[in-house]
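Report on the structure given below.
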Amino acid sequence: MTAASDLAPSYDLVVIGGGPAGLAAASLAARAGVSTVLFDENPGVGGQIYRAITTTPVADRAVLGEDYWAGAELASEAKASGALIVNGATVWSLDPQKIVGVSIAGKARMIEAKHVIIATGSQERPFPIPGWTLPGVMTAGGAQTALKAQGLVPSGRTVMAGTGPLLWLLAAQTLRAGGRIDAILDTTPWRNWLQALVHLPDFALSPYFAKGLALLREVKAKVPVHRIDRVGAVGKEKLSEVVFASGGRERRLPADLLLLHQGVVPNVNLANAAGVEHVWNDRQLCFVPVLDADFGSSVPGIAVTGDGAGIAGGTAAAERGRIAAIAAVRALRPEATLPDTQAIRQKLQREEMGRAFLDWLNRPAESFRQPEGETLACRCEEVTAKQVRDMARIGCEGPNQMKAFLRCGMGPCQGRLCGLTVTELIAAERKMTPAEVGYYRLRPPVKPITLAELASLPISEAERKAVER
Amino acid sequence: MARTADVVIIGGGIHGCSTALHLALRGLKPILIEKDYAGRHASGVNAGGVRQLARDLLEIPLSIASMELWERIEELVGDDCGFSSHGTVLIAESDEELAGFRERVDDLHLRGLTHEELIDRAELKRLVPAVSDYCPGGVVSRRDGAADPFRTTQAFRRRAVEEGAEIIEGVTVTGLTRVGSNWRVETSDGAFEAPKVVNAAGAWADRIAAMLGEPVPLTVVAPMLMVTSALAPFIEPVVILRGRKLSFKQRENGTVVIGGGHLATPYRDRNETVIDWNKLALSARTVWELFPAMHEATIVRAWAGIEAYMPDGVPVVGRSSTSEGIFHQFGFSTHGFQLGPATGAVMAELVATGSTNTPIDGLGIERFRP
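Those sequence lines, one after another, are chains A and B. For the first sequence, the numbering used here gives the first residue as 2, with consecutive numbering after it. For the second sequence, the numbering used here gives the first residue as 7, with consecutive numbering after it.
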């Protein structure tokens, strides 16, 4: 285990995040002779898609599928590349000077980087429905983490609700592992087909087409699927029922577990706090960083790659990581021999083919993104949708003013669970576009650190003298 | 056609908004021009301390007058501004430090100023039970307190508008010229004319002064703050130190705001600041030593607001030394929040009547003339 005190004060390249993008980037750069450190906050590398790839107790390869096991090669390549891979390392700050704040086992360090590749991936889109904070309601991603890392599957009455490929993948993985799913509530609006259809030919050529169809068939053979346009969680102390409706007809299902998922969006927090410029992507309904062809951001020396650059999936993420790494190596060690960029770009293009179809088809309906009434928008500070809407109506123009008025986004999650909701609610009430409304200005630390960790930062002799009593 | 007003105020911090309100209360028609939105910078993101304690003699009259307004803030602006009054305690970390504090308090008492009161170890422990045992005493100002800065600035803004002020946000002042008996204020959204102009532009005020041929040695600073997740209530007063940099207070929601003047790097042209974690680590160590109960607290956010610091650490309040009809109200040097209510009242009085009953001697811009 690498300790904070083992770290050098500076590295040529700091890669943040050990998913496919980060692993591929760190491997390539280290092999090209660049001093590289990869910080990953989990106990093992893999990110979410290949979570626990080196340690998972799920031995039957069929359960998680061959696409999962493809991660093992990336992990072993990275290990052999000469990059220093540090797990259990939480990066909590990054500034435009490329100073990286990182904590390992309760000890913090500020590390200087010449170049930074942010590969912090995606997060699940907030899914604010009535009752979503009840115990017994969790995200599909959370359930997948439990499956991959601990081999745990739901055993009580389980309902899944939402849209997007991950929902179906988790359903299949859960069923293969012997888990229970009583019903799937599909929230994909029918009218999405109108925009998706023109992209079907591209999608039909992508590797996801056949896999996707097989997955749907596998799940639908075992679980009843209902198309719905409204869903809520009901219960006193914890979830007891899922209420849903389609075209006005309301139904109830008793349940112990409700798994929610409506797609993933880039995890923008670190890049945003580092001052990277972002724009609204209307197809993916989220903010994405403004990037050049090599995934370089508006802040010189900081690249954002993988799904953090806009959702494209795990295999595309690895190629994107390689492209970002090649640009880093060119800047840091121009004499190094590099792989053929053109070939990587072509691979990436193939991987990204069909993305438009998936994006348009799985666009969550407005009613699932823009809650009403007493439904919580911000879980940390318990701010309701109505409060946000009312405040927007009386003149609050942006998410940063909203923070000051209602404290939404000021809790420990740093807006991860409410940021998009608040932007969209303000846009809806003020008849503006989310692009015009903008997003929270995020403040470091982007992950909470303890006072003790902060106090553990080494203090220079000069500073020590200045504060001696 | 330029829009006209009785007074144009440049800058929508607590000072500009307070001046706008007090001018409107006097029946004048002010227009306030703010380049971002009211309370975007220091006024909205400061530590919220409402403190008379440990102030420079020159600003004590303004501070005392402000305290009177803070104590009836709801009556003034229609919102309690989150103001609560549990005192400010300046903690001495050694006997020598306490001796120095005693001299200061004795001197104030000789001048008839009694808001600062020396306290011994027992009274310190009573007021701040969580403090480490090594501290021998301190000074308390019992009427002091804390408020919510953004809410306060917005409350002044709102009430000013209700009383007839016009507040224009997202508009930048680009020029200032004399036209007959008026000042013509050029902006990114057209021109404004008024016989009087108040420069309350905070960290950007030197640029306004420079337009008048009146350069000031203003430093742009960004004092850092950090806040913890909510803890069980354990401290009521605001605590400050002198030797080491610290200000410390627990808000009603349980979160603890830690500041004290360590500086971030400001970029005023981009409205950005970059946090210096090595210096915040010093604050963390100070808190660690002073309040052992805080060891496991979690830091959830750090930030800094951009503001102006003057070489002598006191603000510029008064008439321009070069230009008839221009008034300055800036440079509050990281402690202007508490002064906002009364300084606005005093400025409005000065603008409207030509003089003020509250002494502002020594705060004029002429002190920086070469």
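Idealized CB from N, CA, C, for every residue including glycine.
**Prompt:** Rounded to whole angstroms, how far is the Cβ of E192/B from the Cβ of T180/B, which I believe are closer than 8 angstroms?
**Reply:** 5 angstroms
**Asked** Just checking my contact of E78/A with S28/A at CB under 8 angstroms: how many whole Å lie between their CB atoms?
**Response** 5 angstroms
**Item:** chain B within 8 angstroms of A405/A, Cβ atoms only
**Value:** yes
**Asked** What's the C-alpha gap between Q151/A and A53/A?
**Response** 9 angstroms
**Message:** Which complete beta strand (DSSP E) runs does the segment 32-66 of chain B hold, if anything under 3 residues is left out?
**Reply:** 36-40
**Item:** Residues that P267/A bridges to, as DSSP identifies them
**Value:** S123/A
**Request:** Return helix, strand or coil for L369/B, following the three-state DSSP convention.
**Result:** coil
**Asked** Out of curiosity, what's the CA-to-CA distance linking W32/B and E313/B?
**Response** Correcting the residue identity first, residue 32/B is Arg in this sequence and not Trp. Distance between the alpha carbons of R32/B and E313/B: 29 angstroms.
**Message:** Given this structure, state the Cα-to-Cα distance separating A436/A from M73/B, to the nearest angstrom.
**Reply:** 43 angstroms
**Request:** Give the C-beta separation of P372/A and I130/A to the nearest angstrom, bearing in mind that I take them to be a contact with Cβ-Cβ under 8 angstroms.
**Result:** 7 angstroms
**Asked** What residues in its chain sit with their C-beta under 8 angstroms from that of H47/B, if we drop five residues either side in the sequence?
**Response** G19, G208, A209, N277, G311, I312, E313
**Request:** Give a yes or no on whether the minimum CB-CB distance between G17/B and chain A is below 8 angstroms.
**Result:** no
**Asked** Touch check for the segment 131-142 of chain A and the segment 253-261 of chain A: three-plus C-beta pairs under 8 angstroms?
**Response** yes
**Message:** With distance defined between alpha-carbon atoms, name the residue in G54/B, A215/B, E242/B nearest to R132/B.
**Reply:** E242/B
**Request:** Alpha carbon to alpha carbon, how far is A328/A from K251/B? Give it in angstroms, no decimals.
**Result:** 43 angstroms
**Request:** Could I get the ranges of all uninterrupted alpha helix (DSSP H) runs contained in the segment 406-438 of chain A, with 4 residues as the minimum, in chain order?
**Result:** 420-431, 435-438
**Item:** Contact list for T451/A against chain B, beta-carbon separation under 8 angstroms
**Value:** H301, E302, A303, T304, I305
**Prompt:** How many Å lie between G374/A and P190/A at the Cα?
**Reply:** 22 angstroms
**Asked** Who are the near neighbours of V468/A in its chain, counting only those whose CB is closer than 6 angstroms to its CB and skipping five residues on each side?
**Response** Per-residue confidence for V468/A stands at a pLDDT of 49, beneath the threshold of 50, marking its modelled position as unreliable; the derived number appears in the next sentence. So the list is empty, once near-sequence residues are dropped.
**Request:** Determine the DSSP secondary structure at L27/B, reduced to helix, strand or coil.
**Result:** helix
**Request:** Would you mind working out which of C414/A, G416/A, A456/A, E398/A sits nearest E175/B, comparing C-alpha positions?
**Result:** E398/A
**Prompt:** Does the separation of the CB atoms of G144/B and L96/B fall below 8 angstroms?
**Reply:** yes
**Prompt:** Using the C-alpha atoms, what's the distance from G19/A back to T164/A?
**Reply:** 26 angstroms
**Item:** Continuous alpha helix (DSSP H) assignments of at least 4 residues falling wholly in the segment 157-181 of chain A
**Value:** 166-177
**Asked** Out of V185/B, G45/B, R78/B, which has the shortest C-alpha to C-alpha gap to K202/B?
**Response** V185/B
**Message:** Give me, in chain order, the residues of the same chain whose beta-carbon lies closer than 6 angstroms to that of K41/B; leave out the 5 immediate sequence neighbours on both sides.
**Reply:** T178
**Asked** Rounded to a whole number of angstroms, what is the C-alpha to C-alpha distance between R470/A and R110/B?
**Response** In this prediction, R470/A scores a pLDDT of 39, lower than 50, which makes its location untrustworthy; no coordinate-derived value is stated.
**Request:** Starting from the beta carbon of S94/A, find every residue of chain D whose beta carbon is closer than 9 angstroms, and list them in chain order.
**Result:** Annotation note: the requested chain D is absent from the structure, which comprises protein chains A and B.
**Message:** Just to confirm, is the Cβ distance from A98/B to S253/B under 8 angstroms?
**Reply:** no
**Request:** Give the DSSP-derived three-state secondary structure of E469/A in the structure shown.
**Result:** Its pLDDT being 45, under 50, E469/A is placed unreliably by the model, and the measurement read from it follows with that caveat. In this structure, E469/A counts as coil in the three-state DSSP scheme.
**Assumed close pair A184/A, V160/A - CB separation to whole angstroms, cut-off 8 angstroms** = 5 angstroms
**Inter-stretch contact (C-beta, 8 angstroms, three-pair minimum) for the segment 103-121 of chain A and the segment 3-20 of chain A** = yes
**Message:** For chain A, check one thing: does any of its Cβ atoms lie closer than 8 angstroms to the Cβ of E242/B?
**Reply:** no
**Prompt:** When you check each C-beta in the segment 434-451 of chain A against every C-beta of chain B, which residues fall closer than 7 angstroms?
**Reply:** R444, P445, P446, P449, I450, T451
**Prompt:** So which residues of chain B does A456/A contact, with C-beta pairs closer than 7 angstroms?
**Reply:** A287, A290, R291, W294
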